[in-house]
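Protein sequence lines, in the order shown, are assigned to chains A and B. Taking the numbering used here, the leading residue of the first sequence gets 1, the next gets one more, and so forth. Taking the numbering used here, the leading residue of the second sequence gets 1, the next gets one more, and so forth. Ideal Cβ positions, reconstructed from N, Cα and C, are used throughout, including at glycine. All figures in this text were calculated on a predicted structure; none of them were measured in a lab. Structure first, commentary second.
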Amino acid sequence: MVDSQIIISNLLKSYSSRAEELTVLRGISFEVARGEVICLLGASGSGKTTTLNLLAGIDKPTAGKIYYDGKDINEWTTDQLFEYRLKKIGFIFQEFYLLEHLNALENVMVPIILRGESEEIAQDIALQLLNQVGLGGKALNLPQELSSGEKQRVCVARAIVNNPSVLIADEPTGTLDSKTGDSIMSLLLRLAKKNKMTMIYTSHDPYFTKMASRIFVLQKGVIVEHDSEDFADIGYDKSEFEFLFKGENNE
Amino acid sequence: MNKLDDYIGTEKKQTFLEKLLAGFSFNLRLIWKNISNRKKSMMIITIGLVFSLSILFTSSIWTQTSQLIIADDYIETLDYEMYVSTYLTNAMDSVYAYTVGDYLVKQVDWYYPTVALFNFEDKGPYYRWYPENQQENMSNPVSLTSAHLISSRAIDRIKLNLEIEGNASLNSGEILISYTQAKQLEVIYNKTISPGDEINVAISRRIPNTDIGENQMRFYDINETIFSNYTITGIYKYVGYNTAIAKLLGGLENTGGMLLDSIFFPLEDLSGIDRFIIDSNGLLPRLLVKTNAQQLRINGISQMPDTLHALSERIKIRFFHAYCYILSQEIQSMANEYARTFSSTVLFTPAIVATIFLTILASQMTVKKRKEEITFLRSKGAVSIQIIAIFFGEFILVSTLSLILSIGTGILMAALIPALGHEGFFSKSLFTRYFEYLTISPYDIEIYSVLVLGIYLGMTLINVISFVRKDIHESMIITVRGQRLLGMWIKLAAFALTLAGFIFLMVDYTRVARSSYSFGYGSIGASSNALLAFIAVLFFLSYFVSIGINYVLRAIKKTYKFVFGQNSFLIYKNIKRQTKSLQDLTFFLILIICLLTTFVTIRSTTIHNNIIEDAYRRGSDIRIQSLVAVNITEFEEKLGGIEGIDEIMGFQSIKAIVGSLNVDVFGVDPSKFLSIGRWTDNSFSDIDPESALTTLEESPSSIILSDYIVDRLEFTIGENMTVTDFRGGPFTKEFNVSAMIKSAPGLGIAHGFDPKMNRENYEWVLLKEDILINDLGVHNGTLFLATAEEGADLNLIKEEIETLYPLMTVNPQQINPDYIGYFIVKYIPHVTITLLMGAIVLNVVGVVYILISTDFILGQRRRENAVILALGGNQGKIRKMLVGEISVFLISTLLIGIPLGFLSSILALTFLKPLLIPHEVITMTLHIDFGLLAIMIVTLCVAALLGAIPIIRKQMKYEIVQELRAIV
């Protein structure tokens, strides 16, 4: 039997506004095994980020269940959710969301400090991680003094600093050029493998789906069956996805 | 082609005006949307504007309105403002006719002075009544008393001077008699005289000249003026001061002595012939003139004495023989006291400045919040003038609304101040009366509106303009460089202004210091100027101190660790980044706390000083004032025998002249005065009371003079000088100047008008009592001071003395009940209330500012907090962090602001005295009311924290995802 670390069941998410009610997720379900690398692929507005936010516990579903290690996170108290986000989840945001008044080192220190460690310990750990992501030399730089790639590395370090069991990355290469994107993805996969983390990431670029052990394609809030024709239906060049169906990467 | 294609495809060429007009309705809608979408910001600004404006409007409306009410009330408390007499009695009717027709005159009443006789019925025309205490039949004597013949309606005015048992009615067949006369009649008739009793009375039509032997009844010419069975409607005691009747009927120190033993008789009961005979016999009638208050104060309170003078001149120019006595000195005193009391309201200025400053800071924050909106409009091609027009439009709407609300609030507050300020409870009558008299000065409204709204508009536009540069990127570079330059220039300008303020302060301080212990208008003006300069100095001092505090706050990382432990990391980082909002918060809080401490401390010092000064003015445990002069030695014995009184001394008193100054000469027993009086080290110049009074005791020819006389006449201690005109006669005596005195317990200050003391003279000197008794034959006086035996009940002593001697008052609540200051305080709150109100306003301003800042700063940090929460941060931790941060600012500003406030109080006391007290009778020393200060500070902190918590809680409730999305 597969060890499902995360089970998503019939997840539904709607947003209400004055003008209309917008349904972003229309009942998606999937399971993620421990240590798996999952890619959510889809065009803008397909519901990728919403799925990640719900998984990370920073948003609440309108309906449906999310099980983490067999427990429904929607039934958790606020404090349990804080604990979950702090210790079990590492989140890499598409827009970085680095704290502007803190330097790279201090940004990485924040989750450790939130966990209750002393400043000295936090500093040591953060510096080690920055060295691991290749930013040891720029530890004292403020975010505005870093390039996009460097910012993303700081985000990676910050995401894994508390050794989470699930690493969630929202379009980690979205704002980066392909070369930098490649290096960031390699870094993420390396760190995930090394720390035995489950990794779920989103991308709208088929190129970056190669690294995933499984791909879920989201279309208008639902996971669709996928072959190359499906991708053509949702606006991709089907030739880019042929590799997915030749059994090259799925294993 | 559809509309979109049409729009995109064609390039319309528009002039600037067309562009502006085309966007007019759109802009109008945008303005309305902006206001409705930013309800909270707009509400804060509107409240700030309304707060600032309404304080200024309140002060203006209150000044204008209270002036009228005070003038009317004061005039209403006066019986008459003038009396007119003439030696050409046959011209009196013409004088009456002219006077009664003058626009300023409301009422003119006739008054005839003569004598009334009681128990005359069985005496024949040849009955010898003189000397009165050696009459022909002393077992059944005639009782003689002053008779005041007045028209019936005049009693309605004169009764203001009287405390009447019974009714104040003087219709035909009715008389009013004085308490003293009633007591005499009780002895004569051997029965109690009460209101309602009937009595026979005769009105004399002439006054006999006893010098030529007119000592028989017939010389009174009473044959046709004998009135039987007249009803005594009331028995009165004279209680008035500073009134026309008091001046007319003279007596000791114009205290209406002729009213003490007298009757009022209805003039209408005498025939025309009787009045003619009275006239002809040299008993000159007078006209009592009551003016129309509304006309008298039409040019303002300060012009009232002059307006009254003009009336007297109008009469005198037409009737050269007429003599007009006007109460100009009393009205002038009222006008002066009003001006003096009102000048203390300038102490409210710091609160007004703080309020205006609050509005400016609030408007700055709002514009900063909208920086992104301006950038968006700019990037979409909006020209600068369009953006400015949007803000200007908002300004017009907000300002109009604020102006309307402020005028309404100003009117309401102006009425509430006296209604609530008087006696501590709401007075409906004072409240409604304010509306009856309501006067609004359009000039003041205009000036204050331009001032406040102008500052608001100016600051808003400066901020908007700085955001609407053409090249945004370039402007950002310039802004960074420019901001540094601007910052440096601001610091330099602030330093220069501080220096200038300090110089002005020193100049005015010197003027105040020179004014010694008696403060006139010059020193009040200097004090007001010094206050304004001081506010400027304090303002910039707070600015520099806040820079220092911010530096320190960045340097004490270990302290945060020690205090906040785990939370210290983010607290320290937030404080370290030092945004402008945080710097402004530090600066403004220091200023507010410093001013608050100063207000509270100056207030408590003033209250403390007043308490000590009142005790000093009272003189001793017991102060006994007699309405009539009594033999001091005799009454020292009588009063000294009363149980509970330990030591007693009286002051013989007489008038005399030193140089050209009229002085009150007091005779004292120096050693008794030393032990009974509550002396202070400040009582004498350069000598202690013991040495000064011992010298007076040991050298009988010594005289103690005020330092003013000594300086003015260039005397030196030990020099001989002469006092002349004792009793107004030619008596002259030489003395040796033994000491210079500033003030004495029980007598008040030695030089200068002391309105709180019950005396008119501006100057007094001290002699040994033996000189007055033995050399000058002066035995009488009106004042006694006494000490009480340990454990004696002062109330019992008071009751006993006042029962035994009804014309004496013991420890009167007000030494001088006619002190106009007590009257004015009814409408103009005492300086201590002004200071308390100022402190409360400062407290509110402080709390409001903390809340606005918290809201603004947290608004800026919404994204940060959302990120921290997304990373696993705990809401409780963030709350603790924010409360910790606010506490750091509060505590650090309190630690600096309170000591700075104490220093500021010490400095302010040196130049604010003229605004706080009329004379420095007791050296004013700093007295801190820690209780009130603690209440104020704790209220500020608790209100700020309690107010901030809902703002923090509200922010914690935001959905993390929404916050993150909104920011992107």
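Test: Asn-53(A) CB closer than 8 Å to a CB of chain B: Cβ-Cβ to chain B under 8 Å: yes for Asn-53(A).
Length-filtered (4 minimum) alpha helix (DSSP H) runs lying within the region 547-599 of chain B: As far as the region 547-599 of chain B is concerned, its whole alpha helix (DSSP H) runs of at least 4 residues are 557-564 and 568-577.
Three-pair Cβ contact test at 8 Å for the region 329-345 of chain B versus the region 91-102 of chain B: By the Cβ rule, the region 329-345 of chain B does not count as touching the region 91-102 of chain B, because fewer than three pairs are nearer than 8 Å.
Any non-hydrogen atom of the ligand SAH closer than 7 Å to Ala-310(B) Cβ: Absence of the ligand SAH from the depicted structure is noted, as is the absence of any ligand whatsoever, leaving it without description.
Near-chain A residues of the region 493-505 of chain B - C-beta to any C-beta below 9 Å: Taking 9 Å as the Cβ-Cβ cut-off against chain A, none of the residues of the region 493-505 of chain B qualify.
Sheet register partners of Phe-534(B) (DSSP bridge): In DSSP, Phe-534(B) forms no bridge with anything.
Within chain B, the residues that Asp-59(A) reaches when beta carbons sit closer than 8 Å: The contacting residues are Glu-959, Ile-960 and Val-961.
Chain B within 8 Å of Ser-4(A), Cβ atoms only: No, no contact with chain B.
Residue-level contact to chain B via CB, Val-133(A), 8 Å cutoff: Not a single C-beta of chain B is nearer than 8 Å to the C-beta of Val-133(A).
Any C-beta of chain B under 8 Å from that of Thr-23(A): Closer than 8 Å: no.
Top-ranked residue by Cα proximity to His-101(A), from Val-110(A), Gly-149(A), Gly-57(A) and Ser-186(A): It is Val-110(A).
Through-space distance from Ile-70(B) to Lys-81(B), alpha-carbon basis: As written in the sequence, residue 81(B) is Glu, which differs from the Lys given in the question. C-alpha separation (whole angstroms): 16 Å.
Beta strand (DSSP E) segments (min. 3 residues) lying fully within the region 684-741 of chain B: Segments of the beta strand (DSSP E) lying fully in the region 684-741 of chain B: 702-706, 720-726 and 731-741.
Neighbour list for Glu-864(B) in chain A, Cβ cutoff strictly below 7 Å: Glu-864(B) reaches chain A at Leu-99, counting residues in chain order whose Cβ is nearer than 7 Å.
Partner residues on chain B for Ile-113(A), Cβ-Cβ distance less than 8 Å: The contacting residues are Gln-566, Phe-569 and Leu-570.
The region 275-287 of chain B / the region 103-117 of chain B touching (three or more Cβ pairs under 8 Å): Touching, yes, given that three or more Cβ pairs across the two stretches are closer than 8 Å.
Within 8 Å, strictly: CB atoms of Ile-969(B) and Ser-675(B): No answer is possible for residue 969(B): the residues shown for chain B start at 1 and end at 968.
Contact with chain B by Leu-91(A), beta-carbon distance below 8 Å: Inspection of the sequence shows that residue 91(A) is occupied by Phe rather than by Leu. Output row for Phe-91(A): interface = yes.
Other residues of its chain near Phe-431(B): CB distance less than 6 Å, five sequence neighbours each side excluded: Within the same chain, Cβ atoms closer than 6 Å to the Cβ of Phe-431(B) are found at Ala-415 and Ala-419, the five residues on either side in sequence being excluded.
Gln-955(B) classed as buried or exposed, judged by whether at least 16 other C-beta atoms fall within 10 angstroms: The residue in question, Gln-955(B), is buried, as its Cβ has 16 or more Cβ neighbours within 10 Å.
Within chain A, partners of Gly-873(B) - CB distance below 9 Å: Scanning chain A for C-beta atoms nearer than 9 Å to the C-beta of Gly-873(B) yields Phe-82, Arg-85, Leu-86, Val-110, Pro-111 and Leu-114, reported in chain order.
Members of the region 156-184 of chain A near chain B, C-beta cut-off 8 Å: Cβ contacts with chain B come from Arg-158 and Asn-162.
Distance, Lys-371(B) Cα to Ser-165(A) Cα: Spanning the two alpha carbons is a distance of roughly 41 Å.
Length of the line joining the Cα atoms of Glu-83(A) and Arg-953(B): C-alpha separation (whole angstroms): 20 Å.
Whole-angstrom distance between Ile-549(B) and Thr-400(B), CA atom to CA atom: If you draw a straight line from the Cα of Thr-400(B) to the Cα of Ile-549(B), it is about 40 Å long.
Segment limits, alpha helix (DSSP H) that includes Val-100(B): Val-100(B) -> alpha helix (DSSP H) spans 92-101.
Buried/exposed call for Ser-29(A), threshold 16 Cβ in 10 Å: With a threshold of 16 other beta carbon atoms within 10 Å, Ser-29(A) falls short and is exposed.
Partners in chain A for Arg-577(B), counting only beta-carbon separations shorter than 8 Å: Those are His-101, listed as they occur along chain A.
Length of the line joining the Cα atoms of Thr-62(A) and Leu-12(A): Within the model, the alpha-carbon separation for Thr-62(A) versus Leu-12(A) is close to 5 Å.
Which listed residue (Ser-66(B), Leu-907(B) and Leu-767(B)) has its alpha carbon closest to that of Leu-776(B): Looking from the CA of Leu-776(B), the closest CA among Ser-66(B), Leu-907(B) and Leu-767(B) belongs to Leu-767(B).
Closer than 9 Å at the beta carbon, the chain B residues around Thr-78(A): Within chain B, Asn-874 and Gln-875 have C-beta atoms less than 9 Å from the C-beta of Thr-78(A), given in sequence order.
Chain-ordered chain A contacts of Leu-964(B) [CB-CB under 9 Å]: Listed along chain A are Asn-53, Ile-58, Phe-93, Glu-95 and Tyr-97, each with a C-beta nearer than 9 Å to that of Leu-964(B).
Test item: CB-CB of Leu-248(B) and Tyr-74(B) under 8 Å: No, the pair does not count as a contact, with Cβ atoms beyond the cut-off.
Residue interval of the alpha helix (DSSP H) (run including Val-841(B)): Here the alpha helix (DSSP H) through Val-841(B) covers 831-860.
Cross-strand partners of Ile-624(B) (DSSP beta bridge): Per DSSP, Phe-784(B) and Val-810(B).
Proximity winner among Phe-357(B), Asn-574(B) and Leu-541(B), relative to Leu-553(B) (alpha-carbon distances): Leu-553(B) has its Cα closest to that of Asn-574(B), out of Phe-357(B), Asn-574(B) and Leu-541(B).
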